[in-house]
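Residue numbers (full-length UniProt numbering): 1 to 289.
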């Protein structure tokens with residue numbers, strides 16, 4: 001196992017296959033003349049030079065699906081924490097402060113039952129989240145590129161291009177889509193304007209799906225009542241970011257997919273794909289290139 005770039009480049013000279021984490025560098029293609037297969041540990045593969053891999057005949061598979069359940073659980077956890085004000089309760093606990101009863105019902109905690117959730121990107125994560133939230137009594141809407149195959153837990157699904165038409169219905173908007181040229185910046189100023197007043201945004205997708213300045217503006221204006229963010233535009237989030245100061249924003253460090261069993265799941269996927277490769281099969285699981 002290589003833990004730094006220099007060691008990785010040296011070890012790559014003999015490699016036929018690799019499991020690659022965040023240490024990927026494009027110079028690996030030159031350093032690894034025998035390389036035939038790369039197994040990414042993440043669902044996203046936008047950091048790989050796909051055209052160069054195709055030219056070399058190097059096959060690439062993502063880890064899509066390995067952590068779908070974990071990421072969906074994390075999205076639900078953010079929804080529950082924000083609706084039940086658990087982040088504020090933790091702050092008060094640190095300050096040794098017991099909150100008095102709230103007389104105004106409008107500013108009390110909310111129940112998820114009866115609220116409308118819009119899932120942007122009904123893939124593996126989105127389908128898991130739909131099942132969780134439907135069981136809690138939520139109305140579930142979703143966007144999807146192919147609307148012919150719909151999860152039973154979803155009440156209404158619309159084509160991805162119709163996002164603006166369903167945003168006004170949603171109390172909570174959960175982003176579970178991959179980062180692609182089509183999804184980059186789709187939650188922009190126009191999207192925030194289309195949202196219901198006081199909507200909640202949950203992002204377990206990628207930071208660049210959201211135009212961050214537009215989100216900050218929406219938070220300051222009260223258009224967004226809260227946001228749960230597992231990913232942001234620049235990671236780690238700079239200390240100068242205004243997002244740190246919002247008491248209605250809950251930030252986690254892109255950790256939604258990190259669980260104690262994740263690596264074992266990736267290894268199982270790698271072994272299955274490596275076995276397929278050695279048998280000469282034409283398709284790998286989650287094959288990208």
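Glycine included, each C-beta is placed from N, C-alpha and C at the ideal position.
- Of all C-beta pairs linking the region 99-111 to the region 269-281, fewer than three are shorter than 8 Å, placing the two stretches out of contact.
- Per DSSP, reduced to three states, the secondary structure at residue 94 is helical.
- In this structure the region 26-43 does not touch the region 152-170; the number of beta carbon pairs closer than 8 Å is below three.
- The residue among 221, 225, 210, 149 with its C-alpha nearest the C-alpha of residue 171 is 225.
- Note: residue 209 is not bridge-paired with any residue in the DSSP secondary-structure output.
- With fewer than 16 other Cβ atoms inside 10 Å of its own Cβ, residue 93 counts as exposed.
- Under the three-state reduction of DSSP, residue 256 is assigned to coil, being neither helix nor strand.
- Using a Cβ distance threshold of 9 Å, residue 75 and residue 19 do not count as a contacting pair.
- Among the bridge pairs identified by DSSP, residue 261 is matched with none.
- The C-beta distance from residue 230 to residue 255 rounds to 7 Å, short enough to meet the 8 Å contact threshold.
- Taking C-beta atoms under 8 Å as the contact rule, residue 184 and residue 208 qualify, at a distance of about 5 Å.
- For residue 145, the CB contacts under 8 Å within the same chain, skipping 5 residues up- and downstream, are 159, 160 in chain order.
- Sequence-distant Cβ neighbours of residue 121 in its own chain, meaning closer than 6 Å and more than five residues away, are 176, 177.
- Around the CB of residue 289, 16 or more other CB atoms lie within 10 Å, so the residue is classed as buried.
- Residue pairing by DSSP puts residue 287 in a beta bridge opposite 61.
- Contact between residue 112 and residue 79 is confirmed by a C-beta separation of about 6 Å, below the 8 Å threshold.
- The C-alpha of residue 14 lies about 20 Å from the C-alpha of residue 54.
- Its chain contains 257, 262 as the residues whose beta carbon lies nearer than 6 Å to that of residue 67, once the 5 sequence neighbours on both sides are disregarded; these appear in chain order.
- Residue burial annotation: residue 46 is exposed, with fewer than 16 other C-beta atoms found within 10 angstroms of its C-beta.
- The alpha carbon of residue 60 has as its nearest neighbour, out of 17, 238, 73, the alpha carbon of 17.
- The beta-carbon distance between residue 137 and residue 114, rounded to whole angstroms, is 6 Å. This is short enough to meet the 8 Å contact definition.
- If the five residues before and after residue 247 are omitted, its C-beta is found closer than 7 Å to the C-beta atoms of 88, all from its own chain and listed in chain order.
- For residue 128, the enclosing alpha helix (DSSP H) stretches over residues 124-135.
- Closest in C-alpha terms to residue 91, from the list 268, 142, 250, 277, comes 250.
- Judged by DSSP in its simplified three-state form, residue 37 adopts strand.
- In the three-state reduction of the DSSP assignment, residue 18 falls in the strand class.
- Distance from the CA of residue 64 to the CA of residue 39, rounded to the nearest whole angstrom, comes to 11 Å.
- Residue 44: not part of any beta strand (DSSP E); DSSP gives it neither H nor E.
- Secondary structure note for residue 199: its beta strand (DSSP E) is the uninterrupted segment 199-203.
- Contact between residue 201 and residue 239 does not hold, since the beta-carbon distance rounds to 22 Å and is not under 8 Å.
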